[in-house]
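**Student:** Below is one structure. I have some questions about it.
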Amino acid sequence: MPKKPATSFGSKPKKASDSKTVKPARKKPVNRAETGKDQGPAKKKAVKKRAVKRASPKVPAKAKSPRAETPKEAPGNLHGNLESVETPTQPEPVNSEQALHNVFLHEEVPSLNVVHISPEMAPVSKVGGLADVVYGLTQELAIRGNNVEIILPKYDNMRYDHIYGLCESFHDLWVPWYDGAIHCTVYFGFVHERKCFFIEPHSQDNFFNRGKYYGEQDDVWRFAFFSRAAMEFLLQSGKRPDIIHCHDWHTGLVPVYLWEIYEHMGLGNSRVCYTIHNFKHQGMCGGELLEATGLHRPEHYFDKSRLGDDHHDGALNLMKGGIVYSNFVTTVSPTHAREVRDMGQGFGLESTLQTHAPKYGGVLNGIDYEAWNPQSDKHLAAQYNADTVGKKYDNKRALRERLLLADNEKPIIAHIGRLDPQKGLELVRHAIFHCVNNGAQFVLLGSSPEPSINAYFWHLKNEINENPDCHLEIGFDEDLARLIYAGSDMMLVPSRFEPCGLTQLISMRYGTVPVVRAVGGLADTVFDKDYSHVELNKRNGYVFHEDSYTGVETALSRAIACYYQYPDHFRHLMLNAMKTDYSWNVPGQHYLNIYNHIRKK
Ligand code: ADP
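Per the numbering used here, residue 63 is the first one in the sequence shown, and the count goes up by one each step.
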């Protein structure tokens with residue numbers, strides 16, 4: 063029996079009883095049209111699918127008692143051959159590489175009701191790639207004829223200018239919290255055609271009125287509450303999604319709530335797909351969270367087969383809960399899926415992933431080809447496509463003007479990203495000096511929630527900003543990011559680890575040649591000009607392996623040399639990069655196959 067846990071992780075938030083809380087009476091939605099009563103199967107638009115017969119119907123894995131209910135059949139390899147693969151009739155070894163083939167069986171999938179529950183979505187509440195993924199994937203699923211809705215927190219600092227028709231949709235949502243309940247209002251609005259619900263709690267906890275998205279002491283409580291509120295909203299509004307797709311540690315409790323509480327209240331037909339965008343942050347806390355969330359029975363939840371953290375006694379791990387209780391777990395590239403499970407990069411979750419390997423795999427992210435399109439991007443000085451790539455140089459000039467860089471013949475090498483140690487900041491710093499000393503200009507756009515890291519880069523900026531070949535911009539600025547993607551020649555991504563990475567994908571879309579370290583999704587998407595195993599016309603960048611100054615220098619030097627000495631070759635690389643399809647088309651189908659695999663049939 064697990065010991066009574068100490069609350070050694072995260073801080074204790076105020077109890078809900080400090081807030082205005084009352085036991086709720088279940089209320090009806092205020093506005094039926096916007097709260098799900100209209101959720102008939104969405105009309106299917108024509109999407110071609112290959113129908114392949116399946117040997118036997120799948121029994122969806124149910125996560126309630128995870129060990130006992132590990133799927134009997136091994137589901138399919140997310141990166142196997144997309145062509146017909148017979149469903150294994152015998153249990154396969156616990157190896158998602160070969161075992162997950164049947165997820166790719168393309169049978170006719172009916173229109174599904176899909177609800178994404180996420181802490182972020184571009185462009186309204188974007189911190190990093192997760193926001194882009196939710197934005198792009200949900201649209202792809204909707205285009206394919208599914209009814210897709212997104213539940214988000216209503217942050218005070220959101221980009222409200224991107225929300226159309228924001229209105230109160232569900233007035234009296236009472237969300238159980240400690241021994242009372244917190245009153246919430248749910249708003250509905252369209253974000254570039256996506257149907258979004260925003261949850262606004264009214265309590266002294268002020269969960270989402272902090273002027274920022276993350277980095278608060280009570281983050282675990284904020285998002286545990288959000289997850290509970292999202293589930294309560296589904297219940298009270300009468301929504302009965304086929305698939306609940308949730309993201310990262312923030313929503314790791316969603317499947318836990320589903321199978322421990324809401325299954326018995328009418329949501330028993332929903333199935334959960336859980337996508338992990340970054341294993342580094344797992345949402346750890348002590349046992350008081352169980353009191354807050356109504357997940358009593360500490361001995362049950364602290365069990366190491368459920369939420370009990372494997373390495374910290376007395377800690378609950380929300381991401382682990384998400385893995386254990388979900389029907390399917392993905393991360394955002396095949397290489398990263400292997401790295402975290404088999405190569406010690408799972409930040410302590412390796413054995414959980416091995417236990418649950420039959421329902422685990424990697425699906426490479428895409429990017430939204432409408433949102434990231436150099437041919438229609440209004441933030442550019444000149445729009446262009448692969449046929450008019452010469453116009454990229456108008457953007458280079460505009461970028462130089464904006465950042466007061468010298469107008470010369472040098473290539474511009476850029477880095478855009480969160481200033482997090484994960485991104486290989488030492489190598490970024492080294493590359494800045496290497497580039498300006500070796501005939502290139504360097505532009506950095508980045509910010510960190512960590513004051514000491516920001517201060518470090520401010521210091522660096524002051525040190526080198528006088529150099530006409532270098533500009534560091536510390537902050538988050540999407541408009542500038544777009545001009546950098548378009549106006550640069552190369553994009554450096556020297557990450558220590560990179561689950562997928564979107565910056566290299568966006569760069570390629572804009573004809574900017576990526577120079578990357580061969581980890582995670584970077585290894586899956588960038589193929590070295592000189593040393594790749596892929597055909598010449600698929601090579602699209604420069605890749606180095608070693609996490610060292612020599613590694614990054616060698617790759618940059620090869621790229622800079624090619625730019626000067628073989629401009630035709632460099633142009634080919636740019637065009638190869640632009641022509642590679644990293645849209646949501648293929649990954650969208652993969653997720654639909656997963657949904658179909660786990661849905662209640
Ligand atoms: P991560 O999710 O680890 O932050 P990704 O490469 O997956 O990294 O996604 C980063 C996304 O955030 C990209 O869309 C990138 O353009 C954007 N981004 C990162 N930092 C900034 C910044 N300082 N200003 C504008 N956009 C940024």
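Beta carbons are placed, not taken as given, at the ideal position from N, Cα and C, and that holds for glycine. Computed from a prediction, not measured in an experiment: that's the story for all the values here.
What does a CB cutoff of less than 7 Å around S510 pick up in its chain, not counting 5 residues either side in sequence?
**Tutor:** The sequence position of residue 510 within the sequence shown is 448, counting from 1. Same-chain partners within the cutoff: R480, L481, D482, N516.
**Student:** Flag L487 as yes when its Cβ comes closer than 7 Å to any non-hydrogen atom of the ligand ADP, and as no otherwise.
**Tutor:** On the sequence shown, position 425 is the one that residue 487 refers to. No; taking the cut-off as 7 Å, the Cβ of L487 has no heavy atom of the ligand ADP nearer than that.
**Student:** Does the segment 346-366 come into contact with the segment 247-259, if we say contact requires no fewer than three beta-carbon pairs (one atom in each stretch) closer than 8 Å?
**Tutor:** The segment 346-366 vs the segment 247-259: no contact.
**Student:** Relative to the alpha-carbon of F270, which residue among N219, Q279, L320 has its alpha-carbon at the smallest distance?
**Tutor:** Taking the first residue of the sequence shown as 1, we reach residue 270 at position 208. Comparing Cα positions, the closest option is N219.
**Student:** Given a cut-off of 8 Å, decide if L203 and L567 are closer than it, judged by their beta-carbon atoms.
**Tutor:** Counting from 1 along the sequence shown, the entry for residue 567 is found at position 505. Counting from 1 along the sequence shown, the entry for residue 203 is found at position 141. Cβ atoms of L567 and L203: not closer than 8 Å.
**Student:** Would you call the segment 581-590 and the segment 466-473 touching, i.e. three or more CB-CB distances under 8 Å?
**Tutor:** Because the criterion of three Cβ pairs below 8 Å is not met, the segment 581-590 and the segment 466-473 do not touch.
**Student:** Going by DSSP, what residue range makes up the alpha helix (DSSP H) through F409?
**Tutor:** What you label residue 409 is simply residue 347 of the sequence shown in a count that begins at 1. F409 -> no alpha helix (DSSP H), and no H or E assigned at all.
**Student:** Go through its chain and collect everything with a Cβ distance to V614's Cβ below 7 Å, but skip five positions before and after it.
**Tutor:** As a first step, residue 614 must be located in the sequence shown, where it is residue number 552. Cβ within range, chain order: L489, H492, A493, P556, F606.
**Student:** Shorter than 7 Å, the distance from the beta carbon of T565 to the closest heavy atom of the ligand ADP, or not?
**Tutor:** As a working note, residue 565 is residue 503 in the sequence shown. Yes; taking the cut-off as 7 Å, the Cβ of T565 has a heavy atom of the ligand ADP nearer than that.
**Student:** What is the DSSP secondary structure of E145, reduced to helix, strand or coil?
**Tutor:** Along the sequence shown, one-based indexing puts residue 145 at 83. Only weak support exists for where E145 lies, its pLDDT of 24 falling under 50; the coordinates are left without a value.
**Student:** Determine, using beta carbons only, whether L192 and H373 come nearer to each other than 8 Å.
**Tutor:** Your numbering for residue 192 matches position 130 in the sequence shown. Your numbering for residue 373 matches position 311 in the sequence shown. No, they are not a contact pair.
**Student:** Taking C-alpha atoms, which residue in E512, N500, I526 lies nearest to L506?
**Tutor:** Within the sequence shown, the letter at position 444 stands for residue 506. The shortest C-alpha separation from L506 is found at I526.
**Student:** For G300, tell me which candidate among P396, V177, E361 has the shortest Cα-Cα distance.
**Tutor:** Reading the sequence shown from its first residue, position 238 is the one you call residue 300. Looking at the Cα atoms, V177 is the closest of the given residues.
**Student:** Counting Cβ pairs closer than 8 Å, one from the segment 354-365 and one from the segment 324-336, do we hit at least three?
**Tutor:** Touching, no.
**Student:** By DSSP, does H477 sit in helix, in strand, or in coil?
**Tutor:** For the purposes of this step, residue 477 is taken as the residue at position 415 of the sequence shown. DSSP places H477 in strand when its eight states are reduced to three.
**Student:** In terms of alpha-carbon separation, which member of L199, Y387, K485, R290 lies closest to I429?
**Tutor:** By one-based count along the sequence shown, residue 429 stands at place 367. When only C-alpha atoms are compared, the closest one is L199.
**Student:** Within 10 angstroms of its Cβ, does Y387 collect 16 or more other Cβ (buried), or is it exposed?
**Tutor:** Against the sequence shown, residue 387 aligns to sequence position 325. The residue in question, Y387, is buried, as its Cβ has 16 or more Cβ neighbours within 10 Å.
**Student:** When you compare each of G242, F259, R206, L442 to Y226 by their alpha carbons, which one comes out closest?
**Tutor:** As a first step, residue 226 must be located in the sequence shown, where it is residue number 164. The candidate whose alpha carbon is nearest that of Y226 is F259.
**Student:** Less than 8 Å between the C-beta atoms of G603 and F589, yes or no?
**Tutor:** In the sequence shown, the residue the question calls residue 603 occupies position 541. In the sequence shown, the residue the question calls residue 589 occupies position 527. Yes, these two residues count as a Cβ contact at 8 Å.
**Student:** Return helix, strand or coil for E230, following the three-state DSSP convention.
**Tutor:** Locating residue 230 in the sequence shown gives position 168, counting from the first residue. DSSP places E230 in strand when its eight states are reduced to three.
**Student:** Going by the beta-carbon positions, is the gap between V451 and M636 smaller than 8 Å?
**Tutor:** Locating residue 451 in the sequence shown gives position 389, counting from the first residue. Locating residue 636 in the sequence shown gives position 574, counting from the first residue. Contact flag set, yes.
**Student:** Measure from the alpha carbon of R206 to the alpha carbon of each residue in V391, G384, I305, L174, then state which is nearest.
**Tutor:** On the sequence shown, residue 206 is found 144 positions in, with the first residue counted as 1. Comparing Cα-Cα distances from R206 to each of V391, G384, I305, L174, the minimum goes to L174.
**Student:** Hey, E535 and L542: beta-carbon distance below 8 Å or not?
**Tutor:** Numbered from its first residue, the sequence shown carries residue 535 at position 473. Numbered from its first residue, the sequence shown carries residue 542 at position 480. Yes, the pair counts as a contact, with Cβ atoms nearer than the cut-off.
**Student:** Would you call the CB atoms of I306 and L320 closer than 8 Å?
**Tutor:** Within the sequence shown, the letter at position 244 stands for residue 306. Within the sequence shown, the letter at position 258 stands for residue 320. Contact flag set, yes.
**Student:** Can you check the segment 286-361 for any alpha helix (DSSP H) of at least 4 residues that lies completely inside it and give the ranges in chain order?
**Tutor:** For the segment 286-361, whole alpha helix (DSSP H) runs of length 4 or above, ordered along the chain, are 315-322, 350-355.
**Student:** Once DSSP output is grouped into helix, strand and coil, what is the label at D590?
**Tutor:** If you number the sequence shown from 1, residue 590 lands on position 528. D590: strand per DSSP, three-state reduction.
**Student:** Give the DSSP-derived three-state secondary structure of I660 in the structure shown.
**Tutor:** Counting from 1 along the sequence shown, the entry for residue 660 is found at position 598. Three-state result, I660: helix.
**Student:** Please determine, among E412, Q484, D280, the residue with the shortest C-alpha to C-alpha distance to D609.
**Tutor:** Residue numbering aside, residue 609 sits at position 547 when the sequence shown is read from its first letter. Answer by Cα proximity: Q484.
**Student:** Between T397, D281, L357, which has its C-alpha nearest H677's C-alpha?
**Tutor:** An answer regarding residue 677 cannot be provided, because it is not within the stretch 63 to 663 covered by the chain.
**Student:** From R400 to N340, what distance separates their C-alpha atoms?
**Tutor:** Within the sequence shown, the letter at position 338 stands for residue 400. Within the sequence shown, the letter at position 278 stands for residue 340. Cα-Cα distance, rounded: 14 Å.
**Student:** If you compare alpha carbons, which of R290, D592, R302, A460 is closest to R620?
**Tutor:** Numbered from 1 along the sequence shown, position 558 holds the residue referred to as residue 620. Of the candidates R290, D592, R302, A460, the one whose C-alpha sits nearest the C-alpha of R620 is D592.
**Student:** Are L235 and T247 closer than 8 Å when you measure CB to CB?
**Tutor:** Within the sequence shown, the letter at position 173 stands for residue 235. Within the sequence shown, the letter at position 185 stands for residue 247. The answer is yes: Cβ separation under 8 Å.
**Student:** Can you list, in chain order, the residues of its chain with a C-beta nearer than 7 Å to that of H496? Leave out the 5 residues immediately preceding and following it.
**Tutor:** Reading the sequence shown from its first residue, position 434 is the one you call residue 496. Hits under 7 Å: E615, L618.
**Student:** What residues in its chain sit with their C-beta under 6 Å from that of T69, if we drop five residues either side in the sequence?
**Tutor:** Locating residue 69 in the sequence shown gives position 7, where the first residue counts as 1. Low local confidence applies: a pLDDT of 32 at T69 is under 50, so the model's placement there is unreliable, with the coordinate-based value given in what follows. The answer, listed in chain order, is G348, E350.
**Student:** State the DSSP-derived secondary structure class of I536, mapped to helix, strand or coil.
**Tutor:** By one-based count along the sequence shown, residue 536 stands at place 474. It is a strand residue.
**Student:** In its own chain, which residues sit with a C-beta less than 6 Å from the C-beta of Y611, not counting the 5 before and 5 after it?
**Tutor:** Residue 611 sits at position 549 when you count from the first residue of the sequence shown. So the list reads H492, once near-sequence residues are dropped.
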